[in-house]
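Only one structure is covered here, and it is reproduced in the block below.
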Amino acid sequence: MRLHQTSCMPPSAAAEPGGASDGSGSRPAIETRSLTKRFGEVAAVDDLSLRVPRGSVYGFLGPNGSGKTTTIRMLLGLVHPTAGDHDILGYPMPARQRDALPRVGSLVEGPAFHPYLSGTANLQRLDAADAHASAATSAARIRSALERVGLGAAAGKRYRAYSLGMKQRLAIAAALLAPRDLLILDEPTNGLDPQGTREVRHLVSALVNDGMTILISSHLLSEIEQICSHIGVMRAGRLVAQGPIHEVQSTQQATVVVRTPDPGRCAQLLREGGLGAVQVTGDVVTGVPSAATLALPEDLVARLVAGQVRVRGFQVETPSLEDFYVSLTGEGFDVRA
Amino acid sequence: MSARKSTPPSHPSKFSARKLAPTLRRDPESSALLRRSDTLRGPRRWLALWRFARSELRLMFGRRRNQAGLVVLALVPILLAVAVKLSPPSRGGGPTFLDQITENGLFVGFTSLTVELTLFLPLAMAMVSGDTIAGEAHVGTLRYLLTVPVSRPRILAVKYFALVVGAFIAVGTVVVLGAVVGSIIFGTGQMTTLSGTQIGLGAGIGRLAVALVYVALGMCALAAIGLFLSTLTEQPIAVTVALMVIVAAMWIVDAVPQLSFLRPWLLVDKWPAFADLMHDPPRWDQMIQGAWVDGAYIVVFLLAAWARFAGKDITS
Chain C
1 MRLHQTSCMP PSAAAEPGGA SDGSGSRPAI ETRSLTKRFG EVAAVDDLSL RVPRGSVYGF
61 LGPNGSGKTT TIRMLLGLVH PTAGDHDILG YPMPARQRDA LPRVGSLVEG PAFHPYLSGT
121 ANLQRLDAAD AHASAATSAA RIRSALERVG LGAAAGKRYR AYSLGMKQRL AIAAALLAPR
181 DLLILDEPTN GLDPQGTREV RHLVSALVND GMTILISSHL LSEIEQICSH IGVMRAGRLV
241 AQGPIHEVQS TQQATVVVRT PDPGRCAQLL REGGLGAVQV TGDVVTGVPS AATLALPEDL
301 VARLVAGQVR VRGFQVETPS LEDFYVSLTG EGFDVRA
Chain Z
338 MSARKSTPPS HPSKFSARKL APTLRRDPES SALLRRSDTL RGPRRWLALW RFARSELRLM
398 FGRRRNQAGL VVLALVPILL AVAVKLSPPS RGGGPTFLDQ ITENGLFVGF TSLTVELTLF
458 LPLAMAMVSG DTIAGEAHVG TLRYLLTVPV SRPRILAVKY FALVVGAFIA VGTVVVLGAV
518 VGSIIFGTGQ MTTLSGTQIG LGAGIGRLAV ALVYVALGMC ALAAIGLFLS TLTEQPIAVT
578 VALMVIVAAM WIVDAVPQLS FLRPWLLVDK WPAFADLMHD PPRWDQMIQG AWVDGAYIVV
638 FLLAAWARFA GKDITS
């Protein structure tokens, strides 16, 4: 269990999709219907119905081998589904992939570039392959994308001389070469140092503010918790949870923790305030709040203070995403056959 | 290319008013920096294709290994000319045309073709065709090309185009360098055909040019097999080895009299037929037959590559 100050709500969780980012009633950025991929006997992805609303940051979670990358490859038309279908940005795939994919930037299973070309030359190559990209603006867009990910100084260096973090940045730059509506980022912070991770987080926030939808798969649950508005959790090829992050997490019980020199009086007020299972342990009083209380926990503090309870500390303890994730996907290290 | 109206079902224009980073402007039409048309027609479509093809050529010829390979191809005619100059051959020995070199330098071009046809030229084609699909799959760039998006037939077309250009550059290097170096060392005197008659310099150059095109066509057919093999694996070296095994096997079968019934089906059987150009008048029947075989191999293996690649799951 981890403690969260109530005032520290993840900023993106507050920004609801549909409200700020896109017209209501629009079709989701990604929608899959019973998407299934079998490799021989094994169903790598089984009956997947993913729904990524426009303007959301969708955290795509799951242990190694749970089918995340296969799903992403299917979304992008690299792998053909055994059954089911999907839309990207409202376009049926793969029939309209020529219309859909130019609006999608992606990072699939790590960066991949020609080792003996420089960062700039690699981006030039990708841009030249894009039938929709204008050659006249190519240089400006490449420079701008490289600067956006902080690779401006290393642009002329050969790719093989890049560190893992620089390679990762170059892949993100490639995803930003053209204007996009959707970014699909498979482990974008893999190999980045803490500063780099932080920059990616800021970049993602900035991109979402620009109106982009982002699907981001990551093992770093704290990252997901900080930047995502929605999550989907995969286990053994199936989607076991999906929805806005606070809704998904609120299925787990929260606890109010008050630290006070007046525990007896505090416990009484908490009970009167509608909290269940109030317990006193030394100077710590805990209780389980109702949904109404949880919506405005600060009112509880006002009530305590008005009731002459001196409050030293007040926290709403919610189960961390990690606890939630482990409860869904299991503890083990076993890789699925 | 299907024409489409303007924007996807719900493409909001309200963001165009916002201040956005230049790379990320969402409204393509309103951006000064970016001009992205949703429908590409006519010349613009071909320009886009040419841009991709040029980038492919740059990738191929920019690679050090390929440049080194070209240098090796170029060394053979130089070596040949110098060797013949230092010790002129006696009549009748060595590769075809070897003893004519001292009469006319242009024969260095012909002789180099004969010498390089069996191993060096096929090896060069085998190396670059390994790079096409298998090479991109090996480093993982194939998935990023496909998600740009570039359609799969377009990737195959551009890759094969680059191989064709590569074939002409490789054969051209051998022929042109051979002719130039030979002319410098031996001059361009009488050109005696295999029929014993004399032909002029202009006719000689013309026949050399036809030989260039004919041999390059054979290399293009080999490249089509290479492109197909390249769609089967993610290991470029496996393509190179497999293609060389195929070439070697064909030369062996071609040399076994008991298997002569297979010769019309062998790609390599008619490759040396360009030597018929040095008869007077040139004999065309073998070369025409060879060109048909080349063409058939090109069609069959390009179709096979397309059939294989179009539905392939890209898991590299």
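If you read the protein sequences in the order shown, they are chains C and Z.
If you use my numbering, the first sequence corresponds to residues 1 to 337, in order.
If you use my numbering, the second sequence corresponds to residues 338 to 653, in order.
Here a beta-carbon is modelled for each residue, glycine too, at the ideal position from N, C-alpha and C.
Only a predicted model underlies this, so the values are computations on that prediction, with no experimental measurement involved.
Along the chain, where does the beta strand (DSSP E) that runs through residue i open and close?
i	result
tyrosine 325(C)	Where tyrosine 325(C) is concerned, there is no enclosing beta strand (DSSP E), although the alpha helix (DSSP H) it sits in stretches over 321-329.
phenylalanine 60(C)	57-61
threonine 478(Z)	Unbroken run through threonine 478(Z) is the alpha helix (DSSP H), 478-483; no beta strand (DSSP E).
threonine 469(Z)	Unbroken run through threonine 469(Z): none, as it is neither H nor E.
glycine 287(C)	284-288
For the alpha helix (DSSP H) holding residue i, just list the boundary residues, first then last.
i	result
arginine 303(C)	297-306
aspartate 622(Z)	622-647
methionine 587(Z)	573-592
valine 605(Z)	Here valine 605(Z) belongs to no alpha helix (DSSP H), and DSSP marks it neither H nor E.
methionine 166(C)	164-175
Which term fits residue i, buried or exposed, when burial requires 16 or more other beta carbons within 10 angstroms of its beta carbon?
i	result
tryptophan 608(Z)	buried
valine 452(Z)	buried
leucine 412(Z)	exposed
alanine 302(C)	exposed
glutamate 247(C)	exposed
glycine 330(C)	exposed
phenylalanine 340(C)	Since the displayed chain C opens at 1 and closes at 337, residue 340(C) lies outside it and no answer follows.
isoleucine 562(Z)	buried
glycine 647(Z)	Residue identity differs from the one stated: residue 647(Z) is alanine in this sequence, not glycine. Label assigned to alanine 647(Z): exposed.
threonine 281(C)	exposed
valine 57(C)	buried
serine 24(C)	With a pLDDT of only 35 at serine 24(C), under the threshold of 50, the placement of this residue in the model should not be trusted; the figure read from the coordinates follows. Result: exposed.
serine 367(Z)	With a pLDDT of only 38 at serine 367(Z), under the threshold of 50, the placement of this residue in the model should not be trusted; the figure read from the coordinates follows. The residue is exposed, with fewer than 16 neighbouring Cβ atoms inside 10 Å.
proline 102(C)	buried
alanine 95(C)	exposed
valine 630(Z)	buried
valine 487(Z)	buried
asparagine 403(Z)	buried
lysine 167(C)	buried
glycine 310(Z)	One cannot answer for residue 310(Z) here, as it falls past the ends of chain Z, which runs 338 to 653.
Roughly how far, in whole angstroms, is the beta-carbon of residue i from the beta-carbon of residue j, given that I think they are within contact range, below 8 Å?
i	j	result
leucine 443(Z)	glycine 541(Z)	5 Å
threonine 293(C)	glycine 307(C)	15 Å between Cβ atoms; not a contact.
leucine 321(C)	arginine 235(C)	Actually they are not in contact, since the Cβ atoms of leucine 321(C) and arginine 235(C) sit about 15 Å apart, beyond 8 Å.
aspartate 591(Z)	leucine 603(Z)	5 Å
valine 309(C)	leucine 269(C)	6 Å
valine 512(Z)	glycine 446(Z)	5 Å
isoleucine 216(C)	proline 179(C)	Rounded, the Cβ-Cβ distance is 19 Å, inconsistent with contact.
aspartate 181(C)	methionine 212(C)	6 Å
leucine 564(Z)	leucine 493(Z)	7 Å
In three-state DSSP terms, what is residue i?
i	result
isoleucine 651(Z)	coil
glycine 541(Z)	helix
lysine 157(C)	coil
phenylalanine 39(C)	strand
valine 309(C)	coil
aspartate 436(Z)	helix
valine 316(C)	strand
arginine 51(C)	strand
alanine 385(Z)	helix
alanine 44(C)	strand
glycine 276(C)	strand
serine 567(Z)	helix
arginine 400(Z)	coil
glycine 65(C)	coil
serine 532(Z)	coil
threonine 293(C)	helix
threonine 448(Z)	helix
arginine 33(C)	strand
threonine 70(C)	helix
I'd like to know whether the C-beta of residue i is nearer than 8 Å to at least one C-beta of chain B.
i	result
phenylalanine 389(Z)	You won't find chain B in this structure, because its protein chains are C and Z.
Cβ of residue i versus every heavy atom of the ligand NAD: is any distance shorter than 7 Å?
i	result
asparagine 209(C)	Only the bare structure without any ligand can be found here, which leaves the ligand NAD out of the picture.
Problem set entry | Complete runs of the alpha helix (DSSP H) confined to the stretch 179-264 of chain C [at least 4 residues] | 194-209, 221-227, 245-250
Problem set entry | Any alpha helix (DSSP H) of 4 or more consecutive residues that is wholly inside the stretch 79-150 of chain C | 97-100, 119-129, 135-148
Problem set entry | In chain order, each alpha helix (DSSP H) run of at least 4 residues that lies wholly inside the stretch 485-529 of chain Z | Here the runs fully enclosed are 489-523.
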